[in-house]
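Residue numbers (this note's numbering), protein chains in the order written: chain S, 220 to 652; chain B, 450 to 648; chain U, 6 to 118.
Here's the structure, in structure tokens; my notes come after.
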């Protein structure tokens, strides 16, 4: 057996994603580069010819496409034929794919497509971490996982096929991680040995239950549906599959933990000292991971803070989040994306507020929306400790404190107000645009 | 030595000098030398040769590194080129810890706080002498890491080194750069011998 | 539900074993996405939609098969041995495209009723 070129050690998030796709033994990869995803497909193009995989007779087709729309169309085509497919994109590329992403959902094709999230272009060109791109597709029917560490990128893509290709689910899964903040930084990553990965990943099927390509058994899909026919029913079916995915994600996480000893909460949310917390900060991605450090600092000072990281955003883990809100009642929600015109301006905070209406015990919870880190701006310890202090203020005085950066009911963490804080004075020397 | 400490290292370089690669290599070397969690953060975007570049490395022996933000108050500052010192955000961002500067001349130590330990090492000379160049540019990142093995860091708990070894640099350099690894290693050894404490 | 699963099995198997008319009755019967399984005549005998029928003048026909290429319903039949063109009047709905495309204009649309 050929010694793998990389098995364990510091690795870039993008390269961890590429190795995960190869270890899941994907059949077809369609590729088109976009910052900050580029190194995923770059690495994959060399991995398909890597001795390690050739020696194992792994036949992965790598196809260069002429645009992201074609990448997604290629995934749809290959998936119709029953292939296990993978690709990666980011930002504007994801927007360009949008049409075919809705197709994947409607045709119920199990695609795994990882996203190195980045700011969107328009009011200035930004390529740094910001979940605005993936949040734009939050209601398209795709499953969204928001990841917090390098190891989690690898593990989530490996688990992704088990969730996505589960007969009860059959929906595309998009594991998303912050561009540059995870994609280009390096942290220790451990691969799963290839043979064990094959035992873990769901066995390949010749064709899906509901669609196939075979000239002896011709079929037609995606045809015109009249209003009086089943269009509405098919849409509801996709929603049902999302809800069924909740237990599939939990089971997959449990199975993964049993085999490899790593886990990320129950696969849906990852609590950190949340059980006995007085105030709770809910977030996603690396910022929520970083909040755990802030919790530790505050606990040393005698404040009982807790953090909750939403790992699976679609399907929305309503019950798992409400379980913790029930206990604490004072909750901050940190978004690294902006939903223009939304009641709270943050996608997650609006969802959580809506979910809280489900039970009497959560209906009166106090939920403060925070937004920060847009366009890759660092959210520091100090920022996060201040967020917790605002929550403790609310708890003790019964009223959310006024801040210069509080507008329309939302705290805009890290906002340049001109008074006390200019994030990085030397920015112009960085080579940033 | 305080085992719970997370070492935060900032590298100031110019585009093309290899600061980002150095941050990555330092991660690999530290991981091989027993650090359990390491993180390298390149502060990049629009890459331009010659522009001032920052890269950060965080090294931890026991705790998980969860902070992905850029280093603001570095324990160790590595300056790839003495011409960077007067730029904003380089010398004036040093508040404590140790500074390592690549220069073959004397530098103005008054730019740095008094309690800092300051080292210099002429790695550009070493690289040129060994003909360790790529596209005419001397490769100075691996030699600088060689010098890094020799320097000390001092805080209230005492004086310590990072616990990195030249042997590990050799191993990683051979893995990464193939046949040129030997030359890189040779330069790293030379740099570790020529590193000078000036304050 | 079990019966539905059985039907599903048959559909997956072969063109011949497929039920002539595939219909789902409710949300709970439906497959995950919209599908149809083409078989001959699954929309009924479309021949009765016709008011004009194509008739070919075999003396003038040069067997260029333009009519065969352009027929939207696949009702132009070609004899395997002689290559002679004829029409499947069970399913020809009388659209007249064959007559329009015929370069020799030897297909005539004759009034039926």
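Note that beta-carbon positions come from the ideal geometry of N, C-alpha and C, so glycine has one too.
Note on residue 358(S): under 16 other CB atoms within 10 angstroms of its CB, so exposed under the neighbour-count rule. As the crow flies, the alpha-carbon of residue 639(B) is around 19 Å from that of residue 555(B).
Taking the beta carbon of residue 325(S) as reference, the chain U residues within 9 Å of it are 38 and 39, listed in sequence order. Per the C-alpha coordinates, the member of 328(S), 255(S) and 396(S) positioned closest to residue 369(S) is 396(S).
Contact residues of the segment 502-519 of chain B toward chain S are 502, 503, 514, 515, 516, 517, 518 and 519 (C-beta to C-beta distance below 8 Å). Residue 115(U) carries a strand assignment under DSSP once its states are collapsed to helix, strand and coil. The count of Cβ pairs closer than 8 Å, one atom from the segment 558-573 of chain S and one from the segment 507-522 of chain S, stays below three, leaving the stretches out of contact. For residue 44(U), no beta strand (DSSP E) encloses it, and the DSSP letter there is neither H nor E.
Distance check between residue 329(S) and each of 429(S), 552(S) and 275(S) places 429(S) closest, using alpha-carbon atoms only.
For residue 228(S), the closest of 593(S), 222(S) and 405(S) by C-alpha to C-alpha distance is 405(S).
Secondary structure remark: continuous beta strand (DSSP E) runs of at least 3 residues inside the segment 571-625 of chain B, in chain order: 601-604 and 607-610. Per DSSP, reduced to three states, the secondary structure at residue 336(S) is strand.
When the alpha-carbon of residue 470(B) is set against those of 546(B), 567(B), 518(B) and 594(B), the nearest one is in 594(B). Linking residue 453(S) to residue 289(S) through their CA atoms gives a straight-line distance of about 25 Å. If you check each beta-carbon in the segment 390-424 of chain S against every beta-carbon of chain B, the ones closer than 7 Å belong to 400, 403, 404, 405, 406 and 407.
One thing to note: residue 514(B) has its Cβ no nearer than 7 Å to the Cβ of residue 547(B).
Within the segment 527-558 of chain S, the runs of beta strand (DSSP E) that reach at least 3 residues and sit entirely inside it are, in chain order, 531-533 and 549-554. Per DSSP, residue 478(S) is not a residue of any beta strand (DSSP E); the alpha helix (DSSP H) it occupies stretches across 450-479. The beta-carbon of residue 565(B) is placed no less than 7 Å from the nearest beta-carbon of chain S. For residue 542(S), the closest C-alpha among the options 489(S), 558(S) and 293(S) is that of 489(S).
Taking CB atoms only, residue 291(S) has no neighbour in chain U less than 7 Å away.
Here residue 443(S) is exposed, its C-beta having fewer than 16 other C-beta atoms within 10 Å.
Residue 243(S) counts as buried, since no fewer than 16 other beta carbons sit within 10 angstroms of its beta carbon. DSSP places residue 458(B) inside the beta strand (DSSP E), whose first and last residues are 455-463. Look at residue 59(U): its C-beta is not under 7 Å from any C-beta on chain S. In this structure residue 50(U) is in contact with residue 95(U), their Cβ atoms being roughly 6 Å apart against a cut-off of 8 Å. Going by DSSP, residue 349(S) is part of no alpha helix (DSSP H) at all; its letter is neither H nor E. Annotation for residue 311(S): the continuous alpha helix (DSSP H) segment containing it runs 310-326.
By the beta-carbon neighbour count (other beta carbons within 10 angstroms, threshold 16), residue 550(S) is buried. Interface residue (Cβ-Cβ distance to chain S less than 7 Å): residue 35(U) is classified as such. Rounded to whole angstroms, the Cβ separation of residue 481(S) and residue 374(S) is 6 Å, and the two are in contact under 8 Å. Under the 7 Å criterion on CB atoms, residue 224(S) is classed as non-interfacial with respect to chain B. Residue 507(S) is classed as buried because its beta carbon has at least 16 other beta carbons within 10 Å across all chains shown. Residues of the segment 489-512 of chain S whose Cβ lies closer than 9 Å to any Cβ of chain B, in chain order: 505, 506, 508, 509, 510, 511 and 512. Within chain U, no residue has its beta carbon less than 8 Å from that of residue 564(S); the closest one is some 35 Å off. In the DSSP assignment, residue 82(U) is bridged to 91(U).
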